[in-house]
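*Asks:* In my numbering, the protein residues as written are 77 to 357.
Every residue, glycine too, gets a C-beta built ideally from N, C-alpha and C.
Remember, predicted model here, so these are calculated numbers, not experimental data.
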Amino acid sequence: MDDLRLKEFAREAGADLIGIAGIDRFKDLPQEKDPQAIFPETKTVILLGRRITRGTLRGVEEGTNFYNYLAFGQSWLSERFLALTTFQVAEYLEDNGWEAVPLPNLPPEVPPMGVRVKPDTPAPNVMLDFDDAACRAGLGEIGYCGFFLTPEFGPRQRFQMILTDAPLKPDGLRMERICPGPGQCQVFCPLGAIKGEKVITICGKNMVVAQTDYRRCSECKNGAMANPYHPAGKPDRLAAVCCRNCLDSLERSGRIKNQFQLSFRQRPVWVVEQTVDLFKI
Ligand code: SF4
Ligand code: SF4
Numbered sequence: 077m078d079d080l081r082l083k084e085f086a087r088e089a090g091a092d093l094i095g096i097a098g099i100d101r102f103k104d105l106p107q108e109k110d111p112q113a114i115f116p117e118t119k120t121v122i123l124l125g126r127r128i129t130r131g132t133l134r135g136v137e138e139g140t141n142f143y144n145y146l147a148f149g150q151s152w153l154s155e156r157f158l159a160l161t162t163f164q165v166a167e168y169l170e171d172n173g174w175e176a177v178p179l180p181n182l183p184p185e186v187p188p189m190g191v192r193v194k195p196d197t198p199a200p201n202v203m204l205d206f207d208d209a210a211c212r213a214g215l216g217e218i219g220y221c222g223f224f225l226t227p228e229f230g231p232r233q234r235f236q237m238i239l240t241d242a243p244l245k246p247d248g249l250r251m252e253r254i255c256p257g258p259g260q261c262q263v264f265c266p267l268g269a270i271k272g273e274k275v276i277t278i279c280g281k282n283m284v285v286a287q288t289d290y291r292r293c294s295e296c297k298n299g300a301m302a303n304p305y306h307p308a309g310k311p312d313r314l315a316a317v318c319c320r321n322c323l324d325s326l327e328r329s330g331r332i333k334n335q336f337q338l339s340f341r342q343r344p345v346w347v348v349e350q351t352v353d354l355f356k357i
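(1) From residue 286 to residue 260, what distance separates their C-alpha atoms?
(2) Give a yes or no on whether the minimum CB-CB distance between residue 272 and chain D is below 8 Å.
(3) Using 8 Å as the Cβ pair cut-off and three pairs as the minimum, do the region 292-300 and the region 189-205 touch?
(4) What is the DSSP secondary structure of residue 95, counted as helix, strand or coil?
(5) Exposed or buried, residue 275, counting other C-beta atoms within 10 Å across all chains shown (16 or more means buried)?
(6) Going by the C-beta, is residue 298 closer than 7 Å to any heavy atom of ligand 1?
(7) Using a 10 Å radius around the Cβ and a threshold of 16 neighbouring Cβ atoms, would you call residue 325 buried or exposed?
(8) Residue 121: buried (16+ other C-beta within 10 angstroms of its C-beta) or exposed?
(9) Could you name the residues of the same chain whose beta carbon sits closer than 6 Å to that of residue 170, not counting the 5 residues immediately before and after it, in chain order?
(10) Exposed or buried, residue 327, counting other C-beta atoms within 10 Å across all chains shown (16 or more means buried)?
(11) In the DSSP assignment, find the unbroken beta strand (DSSP E) run with residue 282 in it and report its ends.
(12) How about residue 112 and residue 99: do their beta carbons lie closer than 8 Å?
(13) Quick check on the burial criterion: 16 or more other C-beta atoms within 10 angstroms. Buried or exposed for residue 242?
(14) Using 8 Å as the Cβ pair cut-off and three pairs as the minimum, do the region 312-324 and the region 264-281 touch?
(15) From which residue to which residue does the alpha helix (DSSP H) around residue 86 run?
(16) Between which two residues does the beta strand (DSSP E) holding residue 236 run?
(17) Taking the C-alpha atoms as reference points, what is the distance between residue 442 and residue 256?
(18) Taking DSSP as the reference, what is the three-state secondary structure of residue 146?
(19) Just list the beta strand (DSSP E) runs in the region 161-210, keeping only unbroken ones of 3 residues or longer that don't cross its boundaries, in chain order.
(20) Could you spell out the range, first to last residue, of the beta strand (DSSP E) harbouring residue 114?
(21) In three-state terms, what does DSSP make of residue 137?
(22) Can you pull the DSSP bridge partners for residue 271?
(23) Leaving aside the five residues before and after residue 283 along the sequence, list all residues of the same chain whose C-beta is less than 6 Å from its C-beta, in chain order.
(24) Would you check whether ligand 2 has a heavy atom nearer than 7 Å to the C-beta of residue 280?
(25) CB of residue 128 to nearest heavy atom of ligand 1: below 7 Å?
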């Protein structure tokens, strides 16, 4: 299988980001997070990403239109545009004689929904962590505030995945940091949800990541949205003020490639002041 031809095809099918990882990069994961639990013959994991266009965030940034993001940044982007890209790449692989398992990006926090059908397999449904997989495929990193960042678009993209038995040349791991860390960036959360720290290590890359109180995010009225798939999933923060701040900061510091004539933030940011009673959540 020619990996360059596959990437060319994926780009023609609309992919902005393509990352390839050999299955050996997933060997440290537990069975419930192992791609081979879904497809035991998996040799290669392919991550496909499409950007959230910057203008899709504009209505939320101005505080005047939230639906545009929900359509073009969330449901239509994942379930129409990116799903079509993923399906076309899966068809391409299968046209060439390799099985291709397309996977939507469902929350890895979703608990098992059933009982194990064999003693040596995990219970259905195995939910993979796409941010973790995108890191293993060399596409980027988990930033301090918990957003997956790429050097192309910062935090604004969505991913889907294909598991295949095709042997493909893996992309290199991306060891250099995109996120400068809280010391050099204005980490901003009006609800105080970002605090504490932990270190995440993926394929030898250490990332210091803040511990986020997602109970506060689930109450946040500053552009955060409920997880569209499952109540156990984390809230969608990609349009929230914390993530829009992150985007603006990465653009201004020249840390991402997709640059614009005008800066993203044109006016002082709006914020809804809130008191969150954690005992009521
Ligand atoms: S979603 Fe809201 S509460 Fe959560 S980190 Fe972002 S700004 Fe803070
Ligand atoms: S806001 Fe700054 S510190 Fe937080 S993830 Fe983005 S770049 Fe990193």
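*Replies:* This is what the structure gives:
(1) Rounded to whole angstroms, the separation of the alpha carbons of residue 260 and residue 286 is 15 Å.
(2) The chain labelled as chain D is not found in the depicted structure, where only one protein chain is given.
(3) Counting Cβ pairs under 8 Å, fewer than three are found: no touch.
(4) Three-state DSSP puts residue 95 in a strand.
(5) Exposed: under 16 other Cβ atoms inside 10 Å.
(6) Result yes, Cβ under 7 Å from ligand 1.
(7) Under this definition residue 325 is a buried residue.
(8) So residue 121 counts as buried.
(9) If we look at residue 170 and ignore the five residues flanking it on each side, its Cβ neighbours are 176.
(10) Label assigned to residue 327: buried.
(11) Its beta strand (DSSP E) spans residues 281-288.
(12) In contact: residue 112 and residue 99 (Cβ atoms closer than 8 Å).
(13) Buried, because 16 or more other Cβ atoms sit within 10 Å of the Cβ of residue 242.
(14) Here the region 312-324 makes contact with the region 264-281; the two share three or more CB pairs at distances below 8 Å.
(15) Residue range 79-88 is occupied by the alpha helix (DSSP H) that includes residue 86.
(16) Note, residue 236: beta strand (DSSP E), 233-240.
(17) In the structure displayed, the chain extends from 77 to 357; residue 442 sits before or after that span and is not available.
(18) DSSP places residue 146 in helix when its eight states are reduced to three.
(19) Complete beta strand (DSSP E) runs here, min 3: 176-179.
(20) Residue 114: not part of any beta strand (DSSP E); member of the alpha helix (DSSP H) spanning 111-114, first to last residue.
(21) Taken through DSSP and simplified to helix, strand or coil, residue 137 comes out as helix.
(22) Answer by DSSP bridge pairing, in chain order: 287.
(23) Taking residue 283 as the centre and dropping the five residues before and after it, the same chain places the C-beta of 217, 218 and 276 closer than 6 Å to its C-beta, in chain order.
(24) It does not: the Cβ of residue 280 is nowhere closer than 7 Å to a heavy atom of ligand 2.
(25) Not under cutoff, so the answer is no.
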